[in-house]
Amino acid sequence: MTLEIVPVPVLRDNYVWLMHDPESGETVAVDPSVAEPVLEAAAARGWTISQVWNTHWHPDHTGGNDAIRAATSCTITGPAEAEKVSKLDRIVAGGDRARIGGYEAELIDIPAHTAGHVCFHLPEAQAAFTGDTLFAMGCGRLFEGDAAQMFANMQRLAALPPETRVYCGHEYTLANGEFALSVEPDNAALARRVEEVRAQRARGEVTLPTTIALERATNPFMRAGSVEELAARRAAKDAF
Ligand SMILES: [Zn+2]
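Residue 52 is where the sequence shown starts when you use our numbering, and the numbers rise one by one after that.
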């Protein structure tokens, strides 16, 4: 028995992740932008949401918190900044732990997109929820931090076990891949991946999760050799 993790596509390109532990019956909704489609997706599988985890405060990651709690009496865990949107039951930061059934999540501070952004890493389940910090072949915009912080985040996440599956907050993969190809036109692994992603998107498929190994091979932000290089790539991406 292992954790089941499924995407709920909402809004334009957000993914809310539902994570279910068959043994304990617990279900976590990660970054619920909205409530109704998430409650419906859980109900369709016979799951009841017992917890919400937020990676950062942005409303497209927290907007469904209150309505999901009202409907399910779940608890909400997230960084203090998420209280800009809704009251939390438990405030966490890097170094803290969260649990779903017998599985433990270690929290990692990954500031820059927002100042309090955290990653939930579940070592036994080989899964990490990276919100809007690490995307497939991309990284988040630097709204409340700088390139030095994002560079440190990329290094920290790159050091997770390579088989770790990465669940991020948006379907940005194809646009990120097109940009990545402009940075590294001779990266064969990248070229293969972008081909595959084009086919997946043409079929309307979700391109996530990615893995740390795949990001190490193809992500121009994780592959940046210095803060300056990451900053230049981030600026180029913003203008791409
Ligand atoms: Zn965000």
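Glycine residues also receive a C-beta, built at the ideal position from the N, C-alpha and C atoms.
As the structure is a computational prediction, the values presented were derived from the model and not from experiment.
Going by beta carbon distance, what residues of the same chain come within less than 8 Å of residue i, once the five residues before and after it are set aside?
i    : result
A144 : P130, A131, L158, D160, G167, V169
D294 : As displayed, the chain neither begins before 52 nor continues past 291, which places residue 294 out of reach and without an answer.
A199 : V278
L211 : H172, A179, I263
A275 : F202, M205, L281, R284
D289 : R192
R252 : T224, L225, T258
Is the Cβ-Cβ distance between residue i and residue j less than 8 Å?
i    : j    : result
I100 : A118 : no
V85  : L69  : no
P174 : V136 : no
A187 : T224 : yes
T215 : T269 : no
M273 : M205 : yes
A176 : L54  : yes
A163 : L193 : yes
E235 : P271 : yes
W104 : T78  : no
R267 : A209 : yes
V245 : L232 : yes
R148 : T126 : no
What does a CB cutoff of less than 6 Å around residue i pick up in its chain, not counting 5 residues either side in sequence?
i    : result
S75  : G152
A122 : L90
V257 : P58
H107 : T165, H168, G182
E195 : T165, A166
F291 : F230
A156 : A149, F171, L173
G228 : M188, V245, V248
T184 : I161, H164, H168, G191, N204
Q102 : V79, C125, T126
Return the chain-ordered list of same chain residues with a C-beta closer than 7 Å to the C-beta of residue i, the five sequence neighbours on each side being excluded.
i    : result
V67  : V59, V61, A80, V81, D82, P83, S84, V89
L138 : The amino acid at residue 138 is misidentified as Leu; the sequence shows Lys. Excluding residues within five positions, none has a Cβ falling inside 7 Å.
D72  : L54, I151, G152, Y154
G321 : For the chain, the structure presents residues 52 to 291; residue 321 sits outside this window and is missing.
D197 : A163
A92  : V59, L69
A94  : none
G146 : L158
Could you name the residues whose beta carbon sits closer than 5 Å to any heavy atom belonging to ligand 1, keeping them in chain order?
What you get when you keep residues with a C-beta closer than 5 Å to any heavy atom of ligand 1 is H109, D183.
Mind pulling the beta strand (DSSP E) runs of 3 or more residues that sit fully within the stretch 153 to 198?
Counting only runs of 3+ residues, the beta strand (DSSP E) found wholly inside the stretch 153 to 198 occupies 154 to 160, 169 to 173, 178 to 182, in chain order.
For the stretch 215 to 224 and the stretch 178 to 194, state whether three or more C-beta atom pairs, one from each stretch, are separated by less than 8 Å.
Here the stretch 215 to 224 makes contact with the stretch 178 to 194; the two share three or more CB pairs at distances below 8 Å.
Is there contact here, the stretch 275 to 291 with the stretch 235 to 244, by at least three beta-carbon pairs under 8 Å?
Fewer than three pairs of CB atoms, one per stretch, sit closer than 8 Å, so the stretch 275 to 291 makes no contact with the stretch 235 to 244.
Mind pulling the beta strand (DSSP E) runs of 3 or more residues that sit fully within the stretch 64 to 115?
Entirely contained in the stretch 64 to 115, the beta strand (DSSP E) runs reaching 3 residues are, in chain order, 65 to 71, 78 to 81, 102 to 104.
Only counting runs of 4 or more residues, tell me where the alpha helix (DSSP H) segments fall wholly within the stretch 220 to 251, in order along the chain.
The stretch 220 to 251 is shown to contain whole alpha helix (DSSP H) runs of 4 or more residues at 224 to 234, in chain order.
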